[in-house]
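This note's numbering puts the sequence shown at residues 22 to 141. To keep things clear, I will list the structure first and then write my remarks on it.
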Amino acid sequence: MKKSKKITAWVLVLAFWFFPVSLGASQKNLQNRIKFLDNIENVEWYRVEGQNVIIGWKGVPENFYSWNHKTAVKASKASLYEVYVWSVRYTQKDWSPGKGGQLCITTAQMSRFGKSSCKK
Numbered sequence: 022m023k024k025s026k027k028i029t030a031w032v033l034v035l036a037f038w039f040f041p042v043s044l045g046a047s048q049k050n051l052q053n054r055i056k057f058l059d060n061i062e063n064v065e066w067y068r069v070e071g072q073n074v075i076i077g078w079k080g081v082p083e084n085f086y087s088w089n090h091k092t093a094v095k096a097s098k099a100s101l102y103e104v105y106v107w108s109v110r111y112t113q114k115d116w117s118p119g120k121g122g123q124l125c126i127t128t129a130q131m132s133r134f135g136k137s138s139c140k141k
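Pasting the structure below:
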């Protein structure tokens, strides 16, 4: 009985040790998947905070909905979690999720589109 408890304890220690490493690698992979945002004229800046992608838009392009959709799906391929894409005005550089005042929110999980509050 004592041996099984030791094994369980070691498994938990190893799991907690590897989890932060994989989470950091996932965030870097997520950033690499959304590099296409650099080529979009209306995107002034973007950043990744955990499972949140925050995009600062300068103006709203005609295909605004599709850019948010594409970003959410591509980002979710790099993450095991549901990904939230928050679109804000480019002047809201200090903005963080939960503050309100965003243009729209788009979600995706495991390469599947979730929902969006962006207008088509």
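By construction, the Cβ of each residue, glycine as well, lies at the ideal position given by its N, Cα and C atoms.
Between residue i and residue j, which are expected to be in contact by the criterion C-beta below 8 angstroms, what is the C-beta distance as a whole number of angstroms?
{"i": "residue 67", "j": "residue 77", "result": "7 angstroms"}
{"i": "residue 137", "j": "residue 97", "result": "At roughly 13 angstroms, the Cβ-Cβ gap does not stay under 8 angstroms, so residue 137 and residue 97 are not in contact."}
Between the beta-carbon of residue i and the beta-carbon of residue j, is there less than 8 angstroms?
{"i": "residue 82", "j": "residue 60", "result": "no"}
{"i": "residue 55", "j": "residue 95", "result": "yes"}
{"i": "residue 91", "j": "residue 111", "result": "no"}
{"i": "residue 139", "j": "residue 89", "result": "yes"}
Any idea which residues DSSP pairs residue i with across the strands?
{"i": "residue 125", "result": "108"}
{"i": "residue 138", "result": "Residue 138 is not bridged to any residue."}
Excluding the five sequence neighbours on either side, which residues of its own chain have a C-beta within less than 8 angstroms of the C-beta of residue i, listed in chain order?
{"i": "residue 53", "result": "99"}
{"i": "residue 118", "result": "70, 73, 75, 105 and 107"}
{"i": "residue 114", "result": "66 and 77"}
{"i": "residue 103", "result": "72, 97, 128, 129, 130 and 135"}
{"i": "residue 31", "result": "none"}
Excluding the 5 residues flanking residue i on each side, which residues of the same chain have their C-beta closer than 7 angstroms to its C-beta?
{"i": "residue 123", "result": "107, 108 and 109"}
{"i": "residue 141", "result": "86"}
Ignore the nearest five residues each way along the sequence and tell me which others in residue i's own chain have a CB closer than 6 angstroms to its CB.
{"i": "residue 51", "result": "69, 96, 99 and 100"}
Every unbroken beta strand (DSSP E) within the segment 43-119, with a cutoff of 3 residues, ordered by chain: 64-70, 73-78 and 104-110
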